[in-house]
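The opening position of the sequence shown corresponds to residue 1 in our numbering, with each subsequent residue numbered one higher. Quick notes on the structure that follows.
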Amino acid sequence: MINRRSQRGVFIALTPVLLTLIVILLTLVIDSARLLSIRSDMQSQVNAAATAAADAAQSCGGESGDLSEMQARGLSAARAVGFDGDESDLDVAAGLLAPDQENTDSLRFSQKADILQTNAALVTYTRTEPLSRLLPESLFSPVELSVDAAARKEVVAILSATGSTASIEDGILGQLIEELTGVSEVDATNLESLESTVVSVGDLLDELGVSDLTALADEPLLDVLEAVTTVVGEAGSPAGSVIDDLTSATGLNGLDAGAVFDVVSGISVSEDSSFPLYDFVNSIVLNSVRAANQSGAGLLQLELEDTEDLFDASGLDLLGDVEITLDLMVDEPPRIVFGPARQDEAGDWLTNVRAADISLQANIDVGLATGELTSLVDTLSAGLVGVSVLDDIRIPLAVQAGGGEADLIAADCARGDNNTVNLDFDTQGSVVAIETGTIDTSTGAVVPDSLNATILRLDAPLLPAVETCVRGDLSVSLPHQSGVQEALQYYSLHCPDGDCDEETLTDSSTGSLGGLSVNLSNLSLQCESGGAISGVLNTVLSGLSAPVTDLVEGVTGVVLESAVSPLLTSLGADLGGASVKVIGASQQSTQLIENVEQ
């Protein structure tokens, strides 16, 4: 039999306990909501702090970025959204936010002691809160709340040192494409279309079915050529026709796109970024030239047009016809570079754009003006000596140019409604070696040679005929180009037509070589096999020495300044300078992550 009186007593005894538990649970629910609200506010504060602090990372903060500025920016932004704690409560760390090597779909933050290696900021905020505002702390210990956020801000510059479009106007690019592909004649209109055509990065990635530029660099180069042909309008379009021709160029099979594109790992580039088709084609062509050089085909001969006009203003009295042949060897083609302004673990700048390394063999055959020469000999000998021209003066020149480069050392991000970025570069002029000789096609080394040609025969009464030679040491020097820092201000990120202007960073070699010095020393006009010369013949030889010296030095200077230098510049290898173009810039929206993996 149930004792209802006993049950009633138990309920009466338990009621206060149950009510107490209910009150405690309700209090904890309210406190949990309070703690969640506090944590949400803390998260908002670190999000704002991280976003602002990332402005001072090396990849975004310009030259003035440092950790103290990063901390100040973070604290100011946090206070603006309600942070009222002590400055020491916010832990601001500089570092690198990049795709995880094991899982490229997620980002991982790595703290860096050197601000020069950074593209992001991590902000951590930890505070202690009582578990309950109503319940005693002796029963419920305080809890520690901790939140963090990391933000990445980075400008990615698109750079090129592939030379100027002068190679189109002077016919050099067309010559190279015809030689490398076997096409009988490349249409000039098609070549000119390269100057105004740009390739969309997003369209190219979609056509290839790859996710980013890093993956693009690993694609077979021929596949990339076919994709570019489609993107610019198929083979029937002027630009597409040129690209389609290049698919049969020497040596491209087996290369990947990394031969043309240099992409810094882990960067993020807007899909509406683009690059000029001309720079792409120029790099392809020079890669093919290098392959031809290495395949045993030897140097690639170039034909110069209108060389007779080069010497119109030379003022060289003895100058007759001049024939110039140029043979090309490419040691290192230029590439289109995508990268940020920061350093790697070794302290080297990640984004380095380098001009082509090119060797050029110039054979110059200098004819003598018979009338002027006869008149001069008559004057020197009082009409006693006759002269006959036997051969031209042959000047063999070997020019090795390359090494012109620029490091991207600072970038100032666009902020607010500002659409421009500032970029800073450390540039170094090319290293140039010019000497008399030929280029060994197997090694690329210069085989020294000197001037040595039998050019004249002198006839004097009652004396044996004397042959006259030109022997001497020809030296060429250029002033040393020391490294300089260059700044590009207010470069636009987005342009109305999707085609931002190219900006030439530095162009210290445009065909006019300041400080070029050509010197012919130890000149001898007497052939090695000849005997002693005296009398009127000796007078004639002595009188010819200065005009011949002027002729050799003058022709060499004109060829280097008016033919060789512009040619190398158009191909991306300057004599004594560096020509680097900024062809685009990309700044993605700020990437912000919470619960950061380290």
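The C-beta atom is built at its ideal place from N, Cα and C for all residues, glycine as well. None of the values given here were measured: they were computed from a predicted structure.
Assignment of beta-bridge partners to residue 402 by DSSP yields 431. When only Cα atoms are considered, residue 118 and residue 424 end up about 16 Å apart. In the DSSP annotation of this structure, the continuous segment of the alpha helix (DSSP H) that includes residue 547 starts and ends at 535-559. Rounded to whole angstroms, residue 388 and residue 550 show a C-alpha spacing of 20 Å. One Cα belongs to residue 390, the other to residue 160, and the distance between them is close to 49 Å. Taking C-beta atoms as the reference points, residue 406 and residue 580 count as a pair closer than 8 Å.
Your pair residue 590 and residue 151 checks out as a contact, with CB atoms roughly 5 Å apart and the cut at 8 Å.
When the beta-carbon positions are compared, residue 239 and residue 233 come within less than 8 Å of each other. Only exposed fits residue 16, as fewer than 16 other CB atoms lie within 10 angstroms of its CB. Assignment of beta-bridge partners to residue 420 by DSSP yields 492. Listed as beta-bridge partners of residue 329 by DSSP are 359.
About 5 Å separates the beta carbons of residue 572 and residue 334, which is inside the 8 Å limit, making them a contact pair. Straight-line spacing of the CA atoms in residue 451 and residue 439 works out to 16 Å. Rounded to whole angstroms, the gap between the alpha carbons of residue 265 and residue 206 is 20 Å. By the CB criterion at 8 Å, residue 443 and residue 493 fall outside the cutoff. For the pair residue 593 and residue 149, the Cα-to-Cα distance works out to about 6 Å.
DSSP, read as helix, strand or coil, puts residue 267 in coil.
If you draw a 10 Å sphere on the C-beta of residue 211, you find fewer than 16 other C-beta atoms in it, and that means exposed. Secondary structure note for residue 143: its beta strand (DSSP E) is the uninterrupted segment 143-152. By the 16-neighbour rule on beta-carbons within 10 angstroms, residue 25 is exposed. In the three-state scheme derived from DSSP, where H, G and I count as helix and E and B as strand, residue 184 is classed as coil. Beta-bridge partners assigned by DSSP to residue 319: 368.
Taking the Cα of residue 120 as reference, the smallest distance to any Cα among 155, 298, 460 is reached at 155.
Sequence-distant Cβ neighbours of residue 202 in its own chain, meaning closer than 7 Å and more than five residues away, are 271, 272. Counting only residues of its own chain and dropping the five nearest sequence neighbours on each side, residue 317 has a CB closer than 6 Å to the CB of 372. Counting along the chain, the unbroken alpha helix (DSSP H) around residue 216 starts and ends at 213-216. In the DSSP assignment, residue 521 forms a beta bridge with 473. Contact annotation: the segment 344-358 touches the segment 399-413, with at least three C-beta pairs closer than 8 Å. In the same chain as residue 539, and ignoring 5 residues on each side of it, the C-beta atoms closer than 7 Å to its own belong to 380, 381, in chain order.
Here the alpha carbon of residue 259 sits roughly 13 Å from the alpha carbon of residue 338. Between residue 434 and the set 519, 93, 103, the nearest pair of CA atoms involves 519. For residue 569, the three-state secondary structure derived from DSSP is helix.
Rounded to whole angstroms, the gap between the alpha carbons of residue 431 and residue 470 is 30 Å.
Straight across, the Cα-Cα distance linking residue 113 with residue 67 is about 9 Å. For the pair residue 366 and residue 336, the CB atoms are not nearer than the 8 Å cut-off. The shortest CA-to-CA distance from residue 153 to any of 196, 57, 235 is the one to 57.
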